[in-house]
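Shown next, in structure tokens, is the structure this report addresses.
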Ligand SMILES: Nc1ncnc2c1ncn2[C@@H]1O[C@H](COP(=O)(O)OP(=O)(O)OP(=O)(O)O)[C@@H](O)[C@H]1O
Ligand SMILES: [Mg+2]
């Protein structure tokens, strides 16, 4: 039995389909749900944590249905929302003890101290939370989430607003929790972090999961080498064999090809012959950003180039 399973999990808000027939099985891993703003990540997390009733379908947490047995689900989970409230007028320790008492945990003080130590907060445990940095607050929220020893942890954008070091530290703690056997379901907009930390990634767009796999497999399946070209003029219809146009990002034309170096050379030749002025050419291996752009495209407002051609190509594979 997987820690988290969803069965055509669906949420409608009137005519809007926020989450559309989600089928996932997640167990003892860090699972990252990535998607553009409004794609249904938080709605999914809210259904899995029993805060929102599904319109159709179901999900189980450790075998308990979120619809049929929400109380049993709540015993197994912790949820750290994006805008979690910690009381700034209490100390870190007081905040965590309060949580432990709410959960009816025996020996709340000891449990709180353990959680604070695990998140490296013991030295600041008696300071008021209003003196904490953003990173410390996030770690305090994680400490609170651990007091009842949940099997499954849900984190909605856990590193947003933190500096690079703070983000790295949060991911180290999340990885340590996974190593202790916890299942972690996390949403994030930071592709590089998801690539580093997540065992598997689901990409969601308009409520549909369009891909689920390991970061390595996603990168290998969706993209070949990426060629970025800055050039003026209009793109010719015929490109060199094996080169596919991906779209335009920040004024750069992006293409993919198997052997990027050779293809980049051939491509700049073809573009120049077609009357374009090529200003720069660069070639690199694909990142998760490329996977994301290939599957989801630019956000609707900034879509500069018609990437439907590329999407059709992907579907044909
Ligand atoms: N209570 C609600 N009533 C009506 N529509 C809602 C409600 N909650 C969410 N939505 C809509 O459902 C869609 C999915 O929203 P959701 O918050 O799940 O997106 P998200 O992927 O978490 O986005 P973000 O990355 O911005 O956090 C959006 O179109 C949103 O406007
Ligand atoms: Mg959200």
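Numbering (the working numbering), first residue to last: 1 to 317.
Positions of the beta carbon are idealized from the N, C-alpha and C atoms, including for glycine.
Being a predicted model, the structure only gives us computed values, none of them experimental.
Please list, in chain order, all residues of the same chain as residue i whose beta carbon is under 8 Å from its beta carbon, the five residues on each side excluded.
i: residue 271; result: 229, 231, 233, 235, 236, 278
i: residue 46; result: 52
i: residue 65; result: 58, 59, 73
i: residue 126; result: 91, 92, 93
i: residue 210; result: 203, 204, 295, 296
So who's on the other strand from residue i, going by DSSP bridges?
i: residue 248; result: 253
i: residue 283; result: 227
i: residue 117; result: Paired residues: none, contrary to the question.
i: residue 200; result: 31
i: residue 13; result: 16
i: residue 64; result: 61
i: residue 133; result: Answer is none; residue 133 lacks a bridge partner.
i: residue 79; result: 154
i: residue 4; result: 26, 61
i: residue 128; result: 91
Here's a check: name, in chain order, each residue in its chain whose Cβ is nearer than 7 Å to the Cβ of residue i, leaving out the five neighbours to either side.
i: residue 303; result: Residue placement at residue 303 is flagged as unreliable, the pLDDT there being 41, under the threshold of 50; a coordinate-derived value is accordingly withheld.
i: residue 177; result: 153, 184
i: residue 13; result: none
i: residue 11; result: 18, 19, 43, 47, 52, 54, 55
i: residue 15; result: none
Taking residue i as the reference, which of the options has the closest Cα?
i: residue 20; options: 288, 247, 41, 9; result: 9
i: residue 26; options: 121, 219, 52, 198; result: 198
i: residue 60; options: 92, 24, 140; result: 24
i: residue 136; options: 181, 119, 182, 149; result: 119
i: residue 107; options: 273, 283, 148, 200; result: 148
i: residue 195; options: 254, 215, 62, 3; result: 215
i: residue 320; options: 75, 208, 213, 265; result: An answer regarding residue 320 cannot be provided, because it is not within the stretch 1 to 317 covered by the chain.
i: residue 267; options: 242, 248, 191, 121; result: 242
i: residue 189; options: 205, 182, 181, 180; result: 205
i: residue 276; options: 295, 15, 292, 253; result: 253
i: residue 249; options: 292, 273, 274; result: 292
i: residue 85; options: 193, 121, 109, 138; result: 138
Report all residues from its chain with a CB closer than 6 Å to the CB of residue i; omit the five preceding and five following residues, and keep chain order.
i: residue 187; result: 33, 41, 156, 157
i: residue 88; result: 129, 130
i: residue 281; result: 229, 264, 268
i: residue 168; result: none
i: residue 245; result: 255
i: residue 212; result: 202
i: residue 208; result: 20
i: residue 111; result: 100, 105, 147
How close, in whole Å, do the beta carbons of residue i and residue j come, if the pair is a contact with beta carbons under 8 Å?
i: residue 30; j: residue 175; result: 7 Å
i: residue 57; j: residue 6; result: 7 Å
i: residue 219; j: residue 286; result: 5 Å
i: residue 162; j: residue 134; result: 6 Å
i: residue 63; j: residue 1; result: 5 Å
i: residue 28; j: residue 251; result: Residue 28 to residue 251, Cβ: 43 Å. No contact.
i: residue 289; j: residue 191; result: 5 Å
- Message: Counting beta carbon pairs with one atom in the stretch 206-225 and one in the stretch 252-269, are three or more of them shorter than 8 Å?
- Response: yes
**Prompt:** For the 8 Å Cβ check, are there 3 or more pairs between the stretch 143-159 and the stretch 77-85?
**Reply:** yes
> At a cut of 8 Å, does the stretch 88-97 reach the stretch 138-147 through at least three beta carbon pairs?
Replying inline: yes
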